[in-house]
Structure formats: structure tokens, C-alpha cells
Amino acid sequence: MGNIENKLKTADSAIHDWYRFVLSFPPHLVQQYLDEFGACNSSLVLDPFCGTGTTNVECKKQGIPSWGIEANPMTYFASKTKCKWTADTSEFVTIADHIARSANQSISELKELRTLSEEQSELILKNSISPKPLSDTLVLRDAICSANSRFQDYYLLALAKHIVYSYSNLKFGPEVGISRTKKDCVNVVEIWLSEVQKMYRDLATFSEYAETEADITLGDARNISVSDHLKKVDCVITSPPYPNEKDYSRTTRLESVILGFIKNKDELREIKKGFIRSNTKNVYRSDEDAQYVCNIASINRLSDEIEQKRLDLGKTSGFEKLYASVVKLYFGGMAKHLIQLKPYLRDGASLAYVVGDQASYFQIPIRTSKLLGEVAERIGGYRVERIDTFRKRFATATETWLNEDVLVLKYKEQSHGEIR
Ligand SMILES: C[S@@+](CC[C@H](N)C(=O)[O-])C[C@H]1O[C@@H](n2cnc3c(N)ncnc32)[C@H](O)[C@@H]1O
6 MGNIENKLKT ADSAIHDWYR FVLSFPPHLV QQYLDEFGAC NSSLVLDPFC
56 GTGTTNVECK KQGIPSWGIE ANPMTYFASK TKCKWTADTS EFVTIADHIA
106 RSANQSISEL KELRTLSEEQ SELILKNSIS PKPLSDTLVL RDAICSANSR
156 FQDYYLLALA KHIVYSYSNL KFGPEVGISR TKKDCVNVVE IWLSEVQKMY
206 RDLATFSEYA ETEADITLGD ARNISVSDHL KKVDCVITSP PYPNEKDYSR
256 TTRLESVILG FIKNKDELRE IKKGFIRSNT KNVYRSDEDA QYVCNIASIN
306 RLSDEIEQKR LDLGKTSGFE KLYASVVKLY FGGMAKHLIQ LKPYLRDGAS
356 LAYVVGDQAS YFQIPIRTSK LLGEVAERIG GYRVERIDTF RKRFATATET
406 WLNEDVLVLK YKEQSHGEIR
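For the working numbering, add 5 to where a residue sits in the sequence shown, where the first one is 1.
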């Protein structure tokens, strides 16, 4: 048993590291709530905002079946691939070697550098990636796709990881920006090949734990329509967006464009419309989620307070004018999600929502977990068990502590009501 446990501990960092480990929530937190909720191999765990799949990978490590929902096609692809622990790894490296040789050959024969189309270039941050690494990446991407192998998803995921961390000029802190030092010369193919070899070692080590189901759905957690999930969900462990002006499509934009998940502005808009409204760059005339919280006084008060502060400060930009409504849209979207979730939950299901307090709108504190708990109870069926503070950060501008909390809920089946 000790040996298996050791292997699985290593899987923790290895598989999470396949794509954007640093942006996800900590695996130990998932572990803690799996234990507390008594999840086992006959349970079903759901992460409705699964991102890069931390919850699902943790479940798989322990033989617990899980389900994930994710609205961003790039992170959906990443979590889906991270949860595929194929046992058939023969030729994994041989095919990759062949692809690497073919890509190197094409790179050496190129007469002029490959570029993105004008439409694609407009979607990414200016100077996200220097011309030569971009050209080599495009050649390698095409070599991976034309090999059409059964390992294609793993190869593309390895490429996505290094587009972000090794080839690009991006920096994260926590918003995405462009570094002053540009990477003009990178050995794109060699870096990719060594990542593929690392993946191979991970897969070879853990393939014996491959059977546990980890089903990832591309979709909107406010609009769940999965008919084949006949088994009810025993626990939910998730970290949804917070009302913090973070644009999830922007943090994954470069690799989404290069891998073809976003081809033009219309596609980008459609993807963003599938996200919970947590920032003012993602608000549309047709948005109706605010109606789900229109009777909740604390959210109306918060929204009014933000609008009053805007007027007092004389702020008039288009984005600032949206601050008051994005807060209602955020909690309304989360309310819609919780309503939609009910038919999928087992009576007595336990839920953990990791959310952070925010002060992004004129520094007015938004106590996210407290408000979300109130929303859940007003919907009916949910009871707030408690709020655990998982970490705190001091906001110097307002001299207040902002908590990152875990809102723990219990679900008790009743008629599928709306907000009372
Ligand atoms: C805080 S991140 C989750 C991080 C995740 N725990 C991980 O391990 O990477 C929130 C995720 O919710 C996704 N998201 C936003 N709105 C969504 C929606 N309506 N339905 C499903 N996923 C959504 C975002 O794309 C993002 O990946």
C-alpha cells in the first residue's frame, strides 16, 4: 500500500504540472474536503467550474469517479487530457521523436517565418510571443496534427504548456501581461520533446490507476444539460470565478488561438458569454442573470453602494458604469447555477465552494462567501454548514483583510423552487 500511496503522491505534482499548475487551487484543499465528505469509489464528485481539473485529478488518484464542467474550450481540453491516463503508451516517445524530426526539418527549410492571420493576431496581446518562437510553434503544431496519432491530445497539451511558460513573453501577476525581456530565441522543439518524455514517464507510472471515470463536459454551469449523468452527485468541490475583474479568456488567449480553440472575435464572444459574469469586459445587453437575485436585499445594497461611490468620485468610464450591475450579474449567475444543479444532487449532498472576498470596485469590500451562502439559502434546498477561512491577504489600499474562504453547504432535496 505504501508504494501505491507514494506513487500517487508523485502523481499529484506530475499530472497537475501538465498544464498551468500554478493557476489552479491547491490539491491538498480538495483532498481535505474529499476526506471530510467521505467520498469513496462508489461516490460521484462534481466540479462545475473545473478549470484545469485539480478536483478531477485528485479524485482519480484515489479511485473516486468524478465529473467536471468547464466553459473555456482550452481549459476543458486540458482537464480532459489530464484525466486520460492511457495504459497503452507504446510508441508514445517514438512517434513524438518522429514529429520532432519532421518539425526540425520543416523549420530548417522555411523561406520566411510563419505567422498568425491578421484576425488571429488581433485576438492576442501585442508581443505575446516573438516572431521566431511563434513560427517554430506553428510548424510544430502542424507536425503534431498531421501525424494524427492517438497521442495527439497529450502532444498538444505539452505544446500549450510551453507556449505559455517557455516560448511566450507572457508574465502573470496575477493578471496576464507582457514581460519587458523578450524571448526571441527558444528551442521550441527540444523543450516540447522533453515535456513529452516527462508525460510518458508519468503515464507509464500511473496507468494501472487509469480506469476510474473522470468525465469532463464542455458547457456552462448555469445551464447544465447532461442527460447521461443518471447517477446523482454526492459532493461538489469547486472554485468558481470571483467578482474580481479577472477575464478567464485573456489568461488562456495565446494558447487558445495557436491551438485553434478561438479563431475570430465572434467565437471569442460566444465563449465569453458562457462564463459567469465576473468582470466588466464580459457584460452584454442581453444578460438576464440579475433577475435571480433581484429580491436579495444585501446584494441590492452592495450594488447601490458601488454605484453611489462611482457618482461621488465622478467616475464616468463605460467599465466603471458597469461595476454596480456586474455584481448583480455575478451573484445572479451563481444563483442560476445552484438552481440548475439541484436535479443532479443526491439528497444530503455536501458542497464546498472556494471563493475570495474582493475589493475591485472602488475598494468596496465584497464578502463573496457570505453573500453566496445567503443566495444558496434563499434558493431553497441548500443550508450553510459553515465558512472555513483558507487563507487571508491584507489589502493595503483599504487596510482590510480579504479572506479566501470555503463555503460549505448541505443539500436537502425538496421541490425545485426558485428564489423565495
Ligand atoms: C477559479 S477557476 C477554476 C480553477 C480550477 N479549480 C483549477 O484547478 O484549475 C474558474 C473556472 O471557471 C470557468 N468558468 C467560468 N464561467 C463558467 C461557467 N459558466 N460554466 C463553467 N465554467 C465556467 C473558468 O473558465 C475557469 O476555468
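Don't be surprised by glycine CBs; every beta carbon is placed ideally from N, CA and C. Every value quoted in this text rests on a predicted model; they were computed, and no experiment measured them.
Nearest in C-alpha terms to residue 199, of all of 164, 328, 227, 392, is 164.
Distances taken from the Cβ of residue 244 to the heavy atoms of ligand 1 include one shorter than 6 Å. DSSP places residue 92 in the coil class of the three-state scheme, outside both helix and strand. In the DSSP assignment, residue 23 falls outside any alpha helix (DSSP H), carrying neither H nor E.
Around the beta carbon of residue 289, a 10 Å sphere encloses fewer than 16 other beta carbons of the protein chains shown; the residue is thus reported as exposed.
DSSP, reduced to helix, strand and coil, places residue 273 within a helical segment of the structure shown. About 16 Å separates the beta carbons of residue 381 and residue 371, which is beyond the 8 Å limit, so they are not a contact pair.
A buried status is given to residue 280, since no fewer than 16 other beta-carbon atoms sit within 10 Å of its beta-carbon. In the three-state scheme derived from DSSP, where H, G and I count as helix and E and B as strand, residue 391 is classed as strand. Comparing alpha carbon positions, the residue from 327, 353, 378, 347 closest to residue 367 is 327. When Cβ pairs closer than 8 Å are counted between the two stretches, the stretch 82-92 is seen to touch the stretch 152-162, the count reaching three or more. The DSSP-derived three-state label of residue 288 is coil. Under DSSP, no beta-bridge partner is assigned to residue 110. For residue 252, no beta strand (DSSP E) encloses it, and the DSSP letter there is neither H nor E.
Taken atom to atom, the span from the alpha-carbon of residue 374 to that of residue 248 is near 11 Å.
In the displayed model, residue 418 falls within coil according to three-state DSSP, outside both helix and strand. Counting along the chain, no alpha helix (DSSP H) covers residue 212, and no H or E run does either. Following the DSSP letters along the chain, one finds residue 239 inside the beta strand (DSSP E) bounded by residues 238-243. Judged by beta-carbon spacing, residue 258 lies beyond the 7 Å limit of residue 384, meaning their Cβ atoms are not closer than that value. For residue 361, the uninterrupted beta strand (DSSP E) run begins and ends at 350-361, by DSSP.
The straight-line gap separating the alpha-carbon atoms of residue 298 and residue 333 is approximately 7 Å.
By the neighbour-count criterion, in which a residue is buried when 16 or more other Cβ atoms sit within 10 angstroms of its Cβ, residue 227 is buried.
Under the DSSP assignment, residue 222 falls in the beta strand (DSSP E) whose first and last residues are 219-223. Around the beta carbon of residue 167, 16 or more other beta carbons lie within 10 angstroms, which makes this residue buried. The beta-carbon separation of residue 337 and residue 296, rounded to 6 Å, stays under the 8 Å limit for a contact.
For residue 241 and residue 352, the gap between their C-alpha atoms comes out near 13 Å. Beta-carbon to beta-carbon, residue 262 and residue 121 are separated by about 7 Å, close enough to satisfy the 8 Å threshold. In the DSSP secondary-structure assignment, residue 405 is bridged to 400. Proximity to residue 118 across 136, 193, 108 peaks at 136, based on C-alpha coordinates. Distance from the CA atom of residue 192 to the CA atom of residue 180, rounded to whole angstroms, is 27 Å. Put simply, the backbone Cα of residue 92 is about 28 Å away from that of residue 30.
Scanning its chain for C-beta atoms nearer than 6 Å, with the 5 sequence neighbours on each side dropped, one finds around residue 412 the residues 358, 374, 377, 378, 392, in chain order.
Residue 86 is classed as buried because its beta carbon has at least 16 other beta carbons within 10 Å across all chains shown. Burial check for residue 406: the Cβ neighbour count within 10 Å stays below 16, so the residue is exposed. Using a 10 angstroms sphere on the CB of residue 361, the tally of other CB atoms reaches 16 or more, which defines it as buried.
In this structure, the C-beta of residue 280 approaches ligand 1 to less than 6 Å from one of its heavy atoms.
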